[in-house]
Amino acid sequence: KEASLQENDVSVPKMPPFDYSPPPYNGPSADEILAKRREYLSPSVFHFYKKPLNVVDGKRQYLFDEEGRRYVDAFGGIATVCCGHCHPDVVEAIVNQTKRLQHSTVLYLNSAIADFAEALASKLPGDLKVVFFTNSGTEANELAMLIARLYTGCHDIISLRNGYHGNASATMGATGQSIWKHNVVQSGVHHALNPDPYRGVFGPDGEKYAKDVQDLIDFGTSGNVAAFVSEAIQGVGGIIELAPGYLPAVYSTIKKAGGLCIADEVQAGFGRTGSHFWGFETQGVVPDIVTMAKGIGNGIPLGAVVTTPEIAEVLTRRNYFNTFGGNPVCTAAGLAVLKVIEKENLKENAHIVGSYLKDRLAALKDRYELIGDVRGRGLMLGVELVTDRQTKTPAKAETLHVMDEMKELGVLIGKGGYFGNVFRITPPLCFTKEDADYLVDSMDYVMSKM
Ligand code: PLP
28 KEASLQENDV
38 SVPKMPPFDY
48 SPPPYNGPSA
58 DEILAKRREY
68 LSPSVFHFYK
78 KPLNVVDGKR
88 QYLFDEEGRR
98 YVDAFGGIAT
108 VCCGHCHPDV
118 VEAIVNQTKR
128 LQHSTVLYLN
138 SAIADFAEAL
148 ASKLPGDLKV
158 VFFTNSGTEA
168 NELAMLIARL
178 YTGCHDIISL
188 RNGYHGNASA
198 TMGATGQSIW
208 KHNVVQSGVH
218 HALNPDPYRG
228 VFGPDGEKYA
238 KDVQDLIDFG
248 TSGNVAAFVS
258 EAIQGVGGII
268 ELAPGYLPAV
278 YSTIKKAGGL
288 CIADEVQAGF
298 GRTGSHFWGF
308 ETQGVVPDIV
318 TMAKGIGNGI
328 PLGAVVTTPE
338 IAEVLTRRNY
348 FNTFGGNPVC
358 TAAGLAVLKV
368 IEKENLKENA
378 HIVGSYLKDR
388 LAALKDRYEL
398 IGDVRGRGLM
408 LGVELVTDRQ
418 TKTPAKAETL
428 HVMDEMKELG
438 VLIGKGGYFG
448 NVFRITPPLC
458 FTKEDADYLV
468 DSMDYVMSKM
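Start counting the sequence shown at 28; every next residue gets the next number (full-length UniProt numbering).
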């Protein structure tokens with residue numbers, strides 16, 4: 028069964044075929060789950076759709092609801108399911124490891140953990156080869172900032188306005204959007220102007236924004252800093268690719284101020300940009316510390332911090348340990364993910380399909396004034412909706428409406444940006460041109476009815 032808005036309307040696009048039917052679902056209905064969620068789950072967890080979606084099955088780039096309806100998952104579990112839902116190689120690695128040993132500790136040796144650390148190091152440039160495993164992106168960034176503070180003996184950190192790095196103390200501080208910040212102590216972070224080519228004051232001139240980082244150091248710190256942390260393409264912030272030339276200029280400024288450069292690859296890493304394996308490579312820089320999560324385990328809770336042997340030494344000054352970080356089941360999944368990315372050329376696929384999809388979305392922008400900007404790289408694309416292209420007034424209600432209607436057609440996309448008016452398109456990297464066509468045709472169909 029396929030989701031459809033008006034099956035008799037000839038202009039309704041047709042979903043590409045897929046040879047899989049999920050087994051019948053006998054579990055509770057969406058309404059029953061929603062009632063439990065309201066009663067027993069934190070009210071801070073939210074859903075986007077008017078009619079909540081109960082997903083019961085997932086295969087590759089598709090999700091299925093309780094009635095067996097298929098959806099193109101163009102959000103990828105928030106840029107997380109990189110090889111596709113329930114990829115057989117990843118499932119097999121998890122099952123095999125689970126049967127053998129589910130948990131180990133730092134006190135013992137285990138090859139699942141060491142092999143994945145070695146494989147990760149082989150993907151990184153220079154001396155970036157010492158891995159600390161965590162359970163999430165937040166923990167990875169917390170640890171990276173701790174390491175930088177210990178290594179430099181400084182407390183001050185520079186991050187970007189509009190960036191997102193997590194929701195614990197240091198990471199909430201580094202995050203640059205009020206909607207994600209609570210009124211608790213988040214000391215020592217200075218937020219630099221965002222090098223946002225669409226909304227930023229200097230347009231696409233990366234080097235001009237970089238000057239602001241020097242100003243922050245000169246006027247807001249002792250002259251020395253612990254670190255600069257940023258994404259190369261902001262994800263939660265609305266798929267903003269930092270203006271060209273920004274990272275090389277800022278990295279050089281930070282090094283002069285004695286700080287370390289932290290690349291947050293939680294969303295852009297693992298081949299998602301298509302052109303490169305890591306987001307920072309798109310600007311030709313080499314960070315001192317790289318953090319990752321999401322795609323690294325294809326949805327299995329896993330994060331990592333990778334740095335150089337010299338920098339990693341600082342954690343030997345005191346004990347540092349984490350019960351679940353580097354769990355062998357998770358690292359077995361991680362190793363399988365890396366192998367699938369290579370075996371199925373997923374980075375190259377992200378480049379080919381992503382470029383095709385971006386071109387098609389750009390063509391849609393020529394037809395609808397509502398689309399203010401189309402941006403991003405590979406399979407990390409953003410579409411920003413505005414009610415007026417001159418004033419760039421965010422079209423928030425329209426964004427929600429289009430998302431809802433596209434879901435009724437069977438296409439799931441994400442939403443983000445400071446104003447909540449940017450579609451985030453971050454599907455599994457096995458996304459096809461046919462899926463891309465279906466996504467754009469569905470968006471076209473919905474917008475044509477507005
Ligand atoms: N960094 C980036 C770039 C993210 O997008 C996120 C989550 O969306 C995080 C860090 C935090 O990761 P987690 O939600 O796994 O704690």
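Note that beta-carbon positions come from the ideal geometry of N, C-alpha and C, so glycine has one too.
Take the Cβ of residue i as the centre, count every other Cβ of all protein chains shown within 10 Å, and call the residue buried at 16 or more, exposed below.
i, result
"Gly153", "exposed"
"Lys283", "exposed"
"Gly381", "buried"
"Arg65", "exposed"
"Tyr465", "buried"
"Met477", "exposed"
"Ala62", "exposed"
"His209", "exposed"
"Pro44", "exposed"
"Asn189", "buried"
"Ala469", "According to the sequence provided, residue 469 is Ser. The question's Ala does not apply to it. By the neighbour-count rule (16 or more Cβ atoms within 10 Å), Ser469 is buried."
"Leu147", "buried"
"Leu456", "buried"
"Phe348", "exposed"
"Thr334", "buried"
"Thr161", "buried"
How many angstroms separate the CA atom of residue i from the CA atom of residue j?
i, j, result
"Pro49", "Val83", "9 Å"
"Ala363", "Lys374", "15 Å"
"Ser149", "Glu308", "15 Å"
"Tyr395", "Pro224", "21 Å"
"Leu177", "Val341", "6 Å"
"Leu68", "Glu258", "30 Å"
"Ala360", "Pro70", "31 Å"
"Ala120", "Asp245", "51 Å"
"Gln129", "His112", "22 Å"
"Gly95", "Cys288", "47 Å"
"Asp116", "Val108", "14 Å"
"Thr132", "Gln124", "15 Å"
"Ser279", "Tyr273", "10 Å"
"Ala57", "Gly437", "17 Å"
"Phe458", "Leu384", "10 Å"
"Gly405", "Lys86", "21 Å"
"Arg299", "Asp291", "14 Å"
"residue 21", "Arg451", "The question about residue 21 has no answer, for the chain in this structure spans 28 to 477."
"Met42", "Phe91", "13 Å"
"Val37", "Val473", "The pLDDT assigned to Val37 is 36, lower than 50, so where the model puts this residue is not dependable; a value taken from the coordinates is nonetheless given after this. If I take the Cα positions, the gap works out to 14 Å."
"Asn39", "Pro275", "Per the sequence shown, residue 39 should be read as Val rather than Asn. Approximately 46 Å between the Cα atoms of the pair."
"Tyr47", "Asp462", "16 Å"
"Leu388", "Thr202", "29 Å"
"Val122", "Leu134", "24 Å"
Closest by CA to residue i, which one among the options?
i, options, result
"Glu337", "Ala120, Val157, His182", "Val157"
"Gly164", "Met319, Gly272, Phe246, Gly233", "Met319"
"Arg345", "Arg387, Ile323, Leu173, Arg416", "Leu173"
"Ala253", "Val312, Tyr89, Gly180", "Gly180"
"Ile323", "Tyr347, Pro79, Lys366", "Lys366"
"His114", "Lys434, Tyr52, Glu371, Gln417", "Glu371"
"Gly353", "Thr300, Ile368, Thr343, Gly330", "Gly330"
"Ile185", "Ala195, Tyr347, Leu220", "Leu220"
"Arg416", "Gly405, Asp92, Ile398", "Ile398"
"His428", "Gly54, Phe75, Phe45, Asn53", "Phe75"
"Gln213", "Gly285, Ser469, Asp183", "Asp183"
"Ser249", "Gly286, Val256, Ala276", "Gly286"
"Gln241", "Val216, Val277, Val256, Gly215", "Val277"
"Leu155", "Tyr89, Ile316, Thr350", "Ile316"
Once the 5 residues before and after residue i are set aside, which same chain residues still bring their CB inside 8 Å of it?
i, result
"Val449", "Gly265, Ile266, Gly409, Val410, Glu411, Leu412, Thr426, Lys442, Gly443"
"residue 3", "For the chain, the structure presents residues 28 to 477; residue 3 sits outside this window and is missing."
"Ala270", "Pro222, Asp223, Pro224, Gly227, Phe229, Gly230, Pro231, Asp232, Gly233, Tyr236"
"Trp207", "Tyr191, Asn194, Met199, Val263"
"Ile368", "Cys109, Cys110, Phe297, Gly298, Lys374, Leu456"
With a CB to CB cut of under 6 Å and the five nearest residues on each side skipped, what residues in its chain are close to residue i?
i, result
"Glu34", "Because Glu34 carries a pLDDT of 49, less than 50, the predicted location of this residue cannot be relied on, and no value is offered for it."
"Tyr332", "It is Val, not Tyr, that sits at residue 332 in the sequence shown. If we look at Val332 and ignore the five residues flanking it on each side, its Cβ neighbours are Phe159, Ala167, Leu170, Ala171, Thr318."
"Ile260", "Glu268, Ala295, Gly306, Met407"
"Ala197", "Glu169, Met172"
"Glu93", "Tyr52, Asn81, Val83"
Leaving aside the five residues before and after residue i along the sequence, list all residues of the same chain whose C-beta is less than 7 Å from its C-beta, in chain order.
i, result
"Thr420", "Val413, Thr414"
"Asp471", "Leu391"
"Phe446", "Pro421, Lys423"
"Phe143", "Thr358, Gly361, Leu362"
"Asn376", "Leu456, Cys457"
Residue ranges of each alpha helix (DSSP H) within the segment 378-456, 4 or longer: 423-436
Runs of beta strand (DSSP E) lying entirely within the segment 152-184, each at least 3 residues, in chain order: 157-161
4 or more residues per run - each alpha helix (DSSP H) lying fully within the segment 319-347: 336-339
In chain order, each alpha helix (DSSP H) run of at least 4 residues that lies wholly inside the segment 71-112: 103-106
Within the segment 175-257, ranges of the beta strand (DSSP E) (whole runs, at least 3 residues): 184-187, 216-219, 254-257
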